[in-house]
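K.L.:
Questions regarding the structure given below will be posed in turn.
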Amino acid sequence: MNALVFTLLDIAGLIEKRLDRPLAGARGVSFREYRLLKSLSEFPGSRAMRVELAQSVGLTPSAVTRALKPLEKLGYVVTEKGERDARQSLARLTQAGEILLADADAIVADVVAGLPAMSISEGQLAELHRGLAGPPASRTVPLRAAIV
15 MNALVFTLLD IAGLIEKRLD RPLAGARGVS FREYRLLKSL SEFPGSRAMR VELAQSVGLT
75 PSAVTRALKP LEKLGYVVTE KGERDARQSL ARLTQAGEIL LADADAIVAD VVAGLPAMSI
135 SEGQLAELHR GLAGPPASRT VPLRAAIV
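For the sequence shown, our numbering begins at 15 and goes up steadily by one.
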């Protein structure tokens, strides 16, 4: 089981490296920044509380706050402060962020299309993702069974 987890993490790292280079070269953002912008774009009105955004990308709210700062400086995201609590501030994708995201989506699609073919179906990957994302008590399929 440990080998499976480490292999999955290694694969994720290799894919991220393949995505980082062309994104940074063409648009000046890392894959992690792209992922944050992409997730933000999927919220209604491309706006989300940092806590919600953190949950959607698997980071802590403070990590999201740190990651958004350079994107704000570049004009891709703006922060709308919460009236009573800074933790309730909203991040919103700007028009410049939407344009960047459209270009970056095409770059990501090209890189993904060039990845080696995998024998894992999208359904199996989705099942594995659901199993990992849900609370441990809700898991009905062992990890190994989800990808075999």
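Just so you know, even glycine gets a beta-carbon here, dropped at the ideal spot from N, CA and C.
For Leu157 and Ala17, I'd like the C-alpha separation in whole angstroms.
P.N.:
In the sequence shown, the residue the question calls residue 157 occupies position 143. In the sequence shown, the residue the question calls residue 17 occupies position 3. Note that Leu157 has pLDDT 46, beneath the 50 cutoff, so the model's placement of it is unreliable and no number is given.
K.L.:
Does the beta-carbon of Ile134 have 16 or more other beta-carbons within 10 angstroms, so that it is buried, or is it exposed?
P.N.:
The count along the sequence shown starts at 1 and reaches residue 134 at position 120. Exposed.
K.L.:
With DSSP collapsed to three states, give me the class of Leu51.
P.N.:
Taking the sequence shown and counting its residues from 1, one reaches residue 51 at position 37. Note: Leu51 maps to helix in three-state DSSP.
K.L.:
Is it buried or exposed, Arg80, if we count other Cβ atoms within 10 angstroms and call 16 or more buried?
P.N.:
Along the sequence shown, one-based indexing puts residue 80 at 66. Flag for Arg80 reads exposed.
K.L.:
Could you pull out every residue in the same chain whose Cβ sits closer than 7 Å to the Cβ of Glu94, ignoring the five residues on either side in sequence?
P.N.:
Locating residue 94 in the sequence shown gives position 80, where the first residue counts as 1. Counting only Cβ-Cβ distances below 7 Å, and skipping sequence neighbours, we find Ser103, Leu104 and Arg106.
K.L.:
Straight-line CA distance for Glu136 to Arg98?
P.N.:
The count along the sequence shown starts at 1 and reaches residue 136 at position 122. The count along the sequence shown starts at 1 and reaches residue 98 at position 84. The alpha-carbon atoms of Glu136 and Arg98 are separated by roughly 43 Å.
K.L.:
Please report how far the alpha carbon of Asp34 lies from the alpha carbon of Gly96, in whole angstroms.
P.N.:
Working through the sequence shown from its first residue, we reach residue 34 at position 20. Working through the sequence shown from its first residue, we reach residue 96 at position 82. Cα to Cα, the separation comes out at about 33 Å.
K.L.:
Determine which residues share a DSSP beta bridge with Val92 and list them.
P.N.:
Within the sequence shown, the letter at position 78 stands for residue 92. In DSSP, Val92 forms a bridge with Arg106.
K.L.:
Does the beta-carbon of Phe45 have 16 or more other beta-carbons within 10 angstroms, so that it is buried, or is it exposed?
P.N.:
Translated into the one-based positions of the sequence shown, residue 45 becomes position 31. It counts as buried.
K.L.:
Under the assumption that Leu37 contacts Ile121 (Cβ atoms under 8 Å), give the Cβ distance between them as a whole number of angstroms.
P.N.:
As a working mapping, residue 37 is identified with position 23 in the sequence shown. As a working mapping, residue 121 is identified with position 107 in the sequence shown. At roughly 6 Å, the Cβ-Cβ gap stays under 8 Å, so Leu37 and Ile121 are in contact.
K.L.:
First and last residue of the alpha helix (DSSP H) that includes Arg41?
P.N.:
Stepping through the sequence shown from its first residue, residue 41 is reached at position 27. Its alpha helix (DSSP H) spans residues Asn16 to Arg41.
K.L.:
If you drop the 5 nearest sequence neighbours on each side, which residues of the same chain put their C-beta closer than 8 Å to that of Asp124?
P.N.:
Against the sequence shown, residue 124 aligns to sequence position 110. Here the set comprises Pro36.
K.L.:
Buried or exposed, going by whether 16 or more other CB atoms sit within 10 Å of the CB of Ser76?
P.N.:
Within the sequence shown, residue 76 is the residue found at index 62, counting from 1. Ser76 comes out exposed.
K.L.:
Any idea if Ala110 is buried or exposed, counting beta-carbon neighbours within 10 angstroms, 16 or more meaning buried?
P.N.:
Here residue 110 refers to the residue found at position 96 of the sequence shown. Classification for Ala110: exposed.
K.L.:
Counting along the chain, where does the alpha helix (DSSP H) carrying Ala62 start and finish?
P.N.:
Translated into the one-based positions of the sequence shown, residue 62 becomes position 48. Looking at the DSSP string, Ala62 is not in any alpha helix (DSSP H); the run it does join, the beta strand (DSSP E), is Arg61 to Met63.
K.L.:
So the candidates are Glu112, Thr74, Phe57 and Pro58; which of them puts its Cα closest to the Cα of Val65?
P.N.:
The residue given as residue 65 occupies position 51 in the sequence shown. Checking every option, the nearest Cα to that of Val65 belongs to Thr74.
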